[in-house]
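Read the structure below first, then the notes.
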Amino acid sequence: MPANLTPQYMEAEKRFKHAGSVEDKIAALEEMMATIPKHKGTEKLQADLKKKMSVLRKETDQQKKSGRRDSFILEREGARQLAMAGAPNSGKSQLLRTVTNATPEVAEYPYTTRIPIPGMLVFENVRLQLVDLPPISQEYTEPWIPQIIRNADAVLWIVDLSDDDVLESLEESNAVLTAGQVDIQAIQVLMVANKKDTGGAEDRLALIKETQYGRLPLTTISAAAASPKEIAEFKRVVYDFLNVVRVYTKAPGKKPDLTDPYVVARGSTVLDVAQKVHRDFVENLKYARIWGEGKADGIMVPRDFVIDEGDILELHV
Ligand SMILES: Nc1nc2c(ncn2[C@@H]2O[C@H](COP(=O)(O)OP(=O)(O)O)[C@@H](O)[C@H]2O)c(=O)[nH]1
Ligand SMILES: [Mg+2]
């Protein structure tokens, strides 16, 4: 029997098929139900739509109850994004509180953190975005965590020095991440051994250093009891670990803006920086003048000149 479906219905059906979220699917389905011609020829289809709707509603209810989601979109801010990975209760949220402006909940029970929480670590004139995450564990790891870690520029791996099972915990995190296609060897990881104030912390740190994880760059901290000096030191360690340099640009005859550096990988050239300033500079850049430590003021340098930390560039097209 012909169904005589209206263009409006067909349109809604198309949206239903291409919907990216459950919410969008429900909205499109509602419109399909509203615009479907109500006669004998569409009875089976109407029943079909109802069934689909009830399944979708159950799905959203479950998501709401568990607070679980498939993915998160995290707006990047600052010069680099660093994901905070680690076992339950290792002190990720405490560390974020201590070194950024963010105020995530800290608690002695696991799974307090349910969604990614960004915070800004400010080191001198460089802003680095830290992203606090729910825990990584064999018991349960939010399915979207590996993707966030893969997308980040680097990872802070928070390790709990008060935990007698810290070695097993490291293996567990590594296994979960590997299963999520995160290769610890392939990404930039700084191990942050936390809770160094607790009894036996030194011994556990020594144990870690004897394993394969001992090869990772490492820093220790007590996130819950760090002095201002220790916090400042931690920020510098994170900056140094990123292996970047800051450069500034200026217009001829003008002073550079020293508050807003370009942050580029160590080893970058004049051309790499120029590309960040403007796409057109790739073709049009003729030469640059440079000011910096150990260089004659304003000396001309070629496009492939490797810049140093703190250099000031005057780009000529
Ligand atoms: N002794 C000590 N306890 C800490 C330290 N950092 C965090 N904690 C405690 O460890 C527990 C878990 O901290 P939290 O930041 O919520 O861990 P998360 O699950 O990794 O986010 C809390 O009870 C914190 O007070 C630390 O540096 N020293
Ligand atoms: Mg937390």
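Okay, so the sequence shown: first residue is 855 according to this note's numbering, each after it adds one. Each residue gets a CB set at the ideal place from its N, CA and C atoms; glycine is no exception.
Asn1078: CB within 7 Å of a non-hydrogen atom of ligand 1: Residue numbering aside, residue 1078 sits at position 224 when the sequence shown is read from its first letter. Looking at the sequence itself, residue 1078 is Ala, so the reference to Asn does not match. Yes; taking the cut-off as 7 Å, the Cβ of Ala1078 has a heavy atom of ligand 1 nearer than that.
Per-residue DSSP class, three states only, for Ile971: Counting from one through the sequence shown, the residue named residue 971 turns up at place 117. The answer is strand: DSSP assigns Ile971 an E or B state.
Member of Thr967, Lys1083, Val1092, Arg1157 whose CA lies at the smallest distance from the CA of Glu1137: Residue numbering aside, residue 1137 sits at position 283 when the sequence shown is read from its first letter. Measuring from the Cα of Glu1137, the nearest candidate turns out to be Arg1157.
Three-state secondary structure assigned by DSSP to Gly940: As a first step, residue 940 must be located in the sequence shown, where it is residue number 86. Gly940: strand per DSSP, three-state reduction.
Coil, strand or helix - Lys1104 by DSSP: Along the sequence shown, one-based indexing puts residue 1104 at 250. Here Lys1104 sits in strand by DSSP.
Simplified DSSP state of Tyr1093, which is helix, strand or coil: By one-based count along the sequence shown, residue 1093 stands at place 239. In this structure, Tyr1093 counts as helix in the three-state DSSP scheme.
First and last residue of the uninterrupted beta strand (DSSP E) at Ala1008: Numbered from 1 along the sequence shown, position 154 holds the residue referred to as residue 1008. Here the beta strand (DSSP E) through Ala1008 covers 1008-1014.
Three-state secondary structure assigned by DSSP to Asn1138: Position 284 of the sequence shown, counted from the first residue, corresponds to residue 1138. Three-state DSSP puts Asn1138 in a helix.
Boundaries (first-last residue) of the alpha helix (DSSP H) holding Leu883: What you label residue 883 is simply residue 29 of the sequence shown in a count that begins at 1. Element bounds for Leu883: 876-889.
Alpha carbon of Thr1074 to alpha carbon of Thr954, nearest angstrom: Residue mapping note: residue 1074 aligns to position 220 of the sequence shown, counting from 1. Residue mapping note: residue 954 aligns to position 100 of the sequence shown, counting from 1. Near 17 Å, if we compare the C-alpha coordinates of Thr954 and Thr1074.
Near ligand 2: Thr966 beta-carbon under 7 Å from a heavy atom: Walking along the sequence shown from the start, residue 966 turns up at place 112. Yes, the beta carbon of Thr966 sits closer than 7 Å to at least one heavy atom of ligand 2.
Counterpart residues of Thr1113 in DSSP-defined beta bridges: For this step, residue 1113 is matched to residue 259 along the sequence shown. Paired residue(s): none; Thr1113 is not in a bridge.
Bounding residues of the alpha helix (DSSP H) (the contiguous stretch that carries Thr1032): Taking the first residue of the sequence shown as 1, we reach residue 1032 at position 178. Run containing Thr1032: 1020-1033, per the alpha helix (DSSP H) assignment.
Three-state secondary structure (DSSP) of Leu899: Numbered from its first residue, the sequence shown carries residue 899 at position 45. Leu899 falls in the helix class under three-state DSSP.
Met1045 beta carbon less than 8 Å from that of Val985: One-based indexing of the sequence shown puts residue 985 at position 131. One-based indexing of the sequence shown puts residue 1045 at position 191. Not in contact: Val985 and Met1045 (Cβ atoms no closer than 8 Å).
Three-state secondary structure assigned by DSSP to Thr952: As a working note, residue 952 is residue 98 in the sequence shown. Thr952: helix per DSSP, three-state reduction.
Delimiting residues of the alpha helix (DSSP H) encompassing Leu1070: By one-based count along the sequence shown, residue 1070 stands at place 216. Counting along the chain, Leu1070 falls outside any alpha helix (DSSP H), and DSSP gives it neither H nor E.
Neighbourhood of Thr952 by C-beta distance below 7 Å, restricted to the same chain and skipping five residues each side: Working through the sequence shown from its first residue, we reach residue 952 at position 98. Counting only Cβ-Cβ distances below 7 Å, and skipping sequence neighbours, we find Ala1077, Ala1080, Ile1085.
DSSP-derived helix/strand/coil call for Gln1232: Absent from the structure is residue 1232, since the part of the chain shown begins at 855 and ends at 1171.
Assigned secondary structure, Asp1057 (DSSP; H/G/I helix, E/B strand, else coil): Indexing the sequence shown from 1 puts residue 1057 at position 203. Of the three classes helix, strand and coil, the one that applies to Asp1057 here is helix, per DSSP.
Test item: CB-CB of Ile1161 and Val1098 under 8 Å: Taking the first residue of the sequence shown as position 1, residue 1161 is located at position 307. Taking the first residue of the sequence shown as position 1, residue 1098 is located at position 244. Result no, Cβ atoms of Ile1161 and Val1098 do not sit closer than 8 Å.
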